[in-house]
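Here is the structure we will look at, set down as structure tokens.
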Amino acid sequence: MNYASAENLTKSYGIKVLFENISFHIDEGDKIAIVAKNGSGKSTLLKILMEKEIADSGTVIINKDIQVVLFDQEIDFNPDLTIDEFMMTLDSAPILALKNYHQSLHSNDHDFIEKALAGMEAHKAWDLENEMKQILSQLKITDLDAKMGTLSGGQIKRVALAKLLTETRAEHRHTLLIMDEPTNHLDVEMVEWLENYLNKAKITLLLVTHDRYFLDSVCDIIWELEDKNLYVHNGSYATYLENKMIREDNLNATIDKANNLYRKELEWMRRQPKARTTKSKSRIDSFYETEKVAKTDTRKQGLELDFEMKRLGNKILELKHIDKSFGNKVLLKDFSYQFQRGEKVGIVGKNGAGKSTLLNIIQGLEKADRGEIETGETILFGYFSQKGLAYKEDERVIDFIKEVAEYYPLANGKSLSASQFLRLFLFDDQTQYSPISKLSGGEKRRLHLMYILYQNPNFLIFDEPTNDLDLPTLTVLENFLQQFQGSLIIVSHDRYFMDRIVDHILAFEGEGKIKDFIGNFSEYREAKSKEDSSEKTVQKQPEPSKDNTPAASDSSNTAKKKKLSFKEQRELETIEKEMPELENQRKKILDQLNNESDYEKISKLSSDLEGISEQLENQEMRWLELQEILGEG
Numbered sequence: 001m002n003y004a005s006a007e008n009l010t011k012s013y014g015i016k017v018l019f020e021n022i023s024f025h026i027d028e029g030d031k032i033a034i035v036a037k038n039g040s041g042k043s044t045l046l047k048i049l050m051e052k053e054i055a056d057s058g059t060v061i062i063n064k065d066i067q068v069v070l071f072d073q074e075i076d077f078n079p080d081l082t083i084d085e086f087m088m089t090l091d092s093a094p095i096l097a098l099k100n101y102h103q104s105l106h107s108n109d110h111d112f113i114e115k116a117l118a119g120m121e122a123h124k125a126w127d128l129e130n131e132m133k134q135i136l137s138q139l140k141i142t143d144l145d146a147k148m149g150t151l152s153g154g155q156i157k158r159v160a161l162a163k164l165l166t167e168t169r170a171e172h173r174h175t176l177l178i179m180d181e182p183t184n185h186l187d188v189e190m191v192e193w194l195e196n197y198l199n200k201a202k203i204t205l206l207l208v209t210h211d212r213y214f215l216d217s218v219c220d221i222i223w224e225l226e227d228k229n230l231y232v233h234n235g236s237y238a239t240y241l242e243n244k245m246i247r248e249d250n251l252n253a254t255i256d257k258a259n260n261l262y263r264k265e266l267e268w269m270r271r272q273p274k275a276r277t278t279k280s281k282s283r284i285d286s287f288y289e290t291e292k293v294a295k296t297d298t299r300k301q302g303l304e305l306d307f308e309m310k311r312l313g314n315k316i317l318e319l320k321h322i323d324k325s326f327g328n329k330v331l332l333k334d335f336s337y338q339f340q341r342g343e344k345v346g347i348v349g350k351n352g353a354g355k356s357t358l359l360n361i362i363q364g365l366e367k368a369d370r371g372e373i374e375t376g377e378t379i380l381f382g383y384f385s386q387k388g389l390a391y392k393e394d395e396r397v398i399d400f401i402k403e404v405a406e407y408y409p410l411a412n413g414k415s416l417s418a419s420q421f422l423r424l425f426l427f428d429d430q431t432q433y434s435p436i437s438k439l440s441g442g443e444k445r446r447l448h449l450m451y452i453l454y455q456n457p458n459f460l461i462f463d464e465p466t467n468d469l470d471l472p473t474l475t476v477l478e479n480f481l482q483q484f485q486g487s488l489i490i491v492s493h494d495r496y497f498m499d500r501i502v503d504h505i506l507a508f509e510g511e512g513k514i515k516d517f518i519g520n521f522s523e524y525r526e527a528k529s530k531e532d533s534s535e536k537t538v539q540k541q542p543e544p545s546k547d548n549t550p551a552a553s554d555s556s557n558t559a560k561k562k563k564l565s566f567k568e569q570r571e572l573e574t575i576e577k578e579m580p581e582l583e584n585q586r587k588k589i590l591d592q593l594n595n596e597s598d599y600e601k602i603s604k605l606s607s608d609l610e611g612i613s614e615q616l617e618n619q620e621m622r623w624l625e626l627q628e629i630l631g632e633g
């Protein structure tokens, strides 16, 4: 089933052409990622599909039997609504059925009650509310009675994401889900949960993301929007990179050939008299075509430069016995660490665990409750935070960078001009002389990053640097950081980025505890997973009975038990009595979960459910063991 298609689509803003005569189709079950540089038309293309913008030319056909749902960076909401009320503003029949059902609980109108129950049945809405609460819980939304206006930007985006996923689930229709950077403001656990959710969901997806592990896990088609064209790649991110390299190599070979021909033809042109024959005019036309190809050199300058960095002394940075709390919440407890020259450290942990607080304490932007910080005399921090760029409305990009310095020094005694450095970070000449106010959000983020790096610091601190950066910029940044000789701290949820850059992990594990792990992020996650599995195995192991001694086990290998011991018989009777009780408790908790709206109660009920389910599983396993012994008698 075809969901959407476009033929010869063109869109411009003023003299800037975003894309020209592009065509594509989206079929049911497709999971597509769009890869492009910021400002090249990704968001515009999404808005055209949502019918929020109109193309200059071409046609877009959306199947009338599908719904198109968008998760955007711009979220509209009433600040006076609670989270619960905001979630219930969904324009869908199942949500309306749910609202009517809640009203019917306080009504004496039997007709209304019957209609409400029939509506719940007709729209399969019985499990919807519980699923909505579970999605909010997975995205760490803690208080459903909180007003939307009191939430942080990250919390608002997580609530909006929960609403969109609920809407997709509620409709039971063919859905094209369009998501623009859904992993921003999510911690790693949330990203992995969303990854699994989208993998299992029977949806058709169009995704813009900078998270390459997320992209690889969820999508199997990549659309590359570059130089006004759309290229389609089937397969993984690695396949896309390989295809792109082959295409660029072929293009560069064509350009080199055209350059050689252009030089020869230019000599011929200069020798030609003003009066020309028909034959010479044909050759002249061919010359201008060759000139056009020869001057279309799209090759990007590689970032293989030997940067001159301010010298690092013997003393870098040392933290001694740092404590930090907010009220009763302990973020750092007796934390000590000595940073080394050239060390690249990744900091990970749940949102609100204290990662950004640690960065602020390191730079003296925030005071610790206790402890000492020793910073080397030669240290020059470069801090790329989540705060926006401060600039004058009419200030040009090139002038903004020149305020730092006219040139960037290289180790060989040479230097890069401000314009050359901007070009390394994908700002073409036209953009360099444009006002900053005209840049897209992603381009401003890229300029902010470049502004920090251009100051030539020797200790970089990055707080979620990959948010709102496009993949081409991330590749440039990764190349820069791999060559960077100074010290580096990164807080990031981007697993691919962390794996490429860091060699050491500081993991916030809660209650002020920070684990020091040597290795990259994936290695840390693997070790953590094994540790968690080992703990669960120990917890699930049943208490050995006196009869279940090593000697008894050894003898059982040679001579099977014929009947249960007195103690085992009593154990079996107890289990058979307790299992139905546990099953009833489990059912009651599930019923309570379906009818609960308070987050704290939902959290406690979920914890109780997990505990009872584990008890039940242990009882069932032991019951099977005892039955097996009986069967052998």
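Here the sequence shown stands for residues 1 to 633, where the numbers follow full-length UniProt numbering.
Just so it is clear, CB atoms sit at the ideal spot from N, CA and C, and this is done for glycine as well.
What three-state label does DSSP hand residue 311 in the structure shown? coil
Are residue 167 and residue 90 closer than 7 Å when you measure CB to CB? yes
Is it true that the CB of residue 58 sits closer than 7 Å to the CB of residue 20? no
Taking residue 147 as the reference, which of 101, 132 and 85 has the closest Cα? 85
Unbroken alpha helix (DSSP H) run spanning residue 355, endpoints: Residues 355-362.
Just verifying my parser: in three-state terms, what is the DSSP assignment at residue 591? DSSP places residue 591 in helix when its eight states are reduced to three.
Excluding the 5 residues flanking residue 576 on each side, which residues of the same chain have their C-beta closer than 8 Å to its C-beta? 623
Straight-line Cα distance separating residue 533 from residue 649: Lying before the first or after the last residue shown, residue 649 is absent from the chain, which here runs from 1 to 633.
Does the Cβ-Cβ distance between residue 669 and residue 501 come in under 7 Å? Because residue 669 is not part of the residues shown, which for the chain are 1 to 633, the question remains open.
At the level of alpha carbons, what is the spacing between residue 511 and residue 331? 6 Å
Can you grab the Cα-Cα spacing for the pair residue 5 / residue 61, in whole Å? 5 Å
For residue 229, which of helix, strand or coil comes out of DSSP? strand
Whole alpha helix (DSSP H) runs in the region 139-221 with 4 or more residues, listed along the chain? 153-171, 188-200 and 212-218
For residue 71 and residue 180, which I take to be in contact (beta-carbon distance under 8 Å), what is that distance rounded to the nearest angstrom? 6 Å
Alpha-carbon to alpha-carbon, residue 155 and residue 219: One Cα belongs to residue 219, the other to residue 155, and the distance between them is close to 26 Å.
Strictly by DSSP, which residues pair up with residue 133? DSSP output for residue 133 lists no bridge partner at all.
Could you give the DSSP three-state label for residue 549: helix, strand or coil? Interpretation of residue 549 is limited by its pLDDT of 43, a score under 50 that renders its predicted location unreliable; the figure taken from the coordinates is listed afterwards. It is coil, neither helix nor strand.
By the three-class DSSP mapping on this structure, what secondary structure does residue 466 have? coil
Beta-carbon contacts of residue 39 that lie in its chain and below 6 Å, excluding the five residues immediately before and after: In its chain, beyond the 5 residues on either side, 440 and 443 have a beta carbon closer than 6 Å to the beta carbon of residue 39.
Rounded straight-line distance, which links the Cα of residue 115 to that of residue 528: 51 Å
Assign residue 377 to buried or exposed, taking buried as 16 or more other Cβ atoms, counted over all protein chains shown, within 10 Å of its Cβ. exposed
Where residue 126 sits in the DSSP three-state scheme: coil
Tell me the DSSP secondary structure of residue 78 in three-state form. coil
Near residue 467, what residues of its chain come up, given a Cβ to Cβ distance below 6 Å and the 5 sequence neighbours on each side ignored? Closer than 6 Å at Cβ, skipping near neighbours: 184.
What residues match up with residue 324 in a beta bridge as DSSP calls it? Note: residue 324 sits in a beta bridge opposite 332.
Local conformation of residue 435 per DSSP, three classes: When DSSP states are grouped into helix, strand and coil, residue 435 belongs to the strand group.
With DSSP collapsed to three states, give me the class of residue 89. coil
Could you name the residues that DSSP lists as bridge partners for residue 69? Under DSSP, the beta-bridge partners assigned to residue 69 are 177.
Span separating the alpha-carbon of residue 389 from that of residue 311: 28 Å
The beta strand (DSSP E) spanning residue 383 covers which residue range? 381-384
Which residue from 51, 335, 625 and 339 puts its Cα closest to that of residue 314? 339
Would you be able to state if there are at least three C-beta pairs under 8 Å between the region 105-115 and the region 74-81? no
Simplified DSSP assignment, three categories, for residue 378: coil
Are the CB atoms of residue 176 and residue 66 within a distance shorter than 7 Å? yes
In whole angstroms, what separates the C-alpha of residue 325 from that of residue 427? 43 Å
If the criterion is Cβ atoms closer than 7 Å, does the pair residue 205 and residue 52 meet it? No. Outside cutoff.
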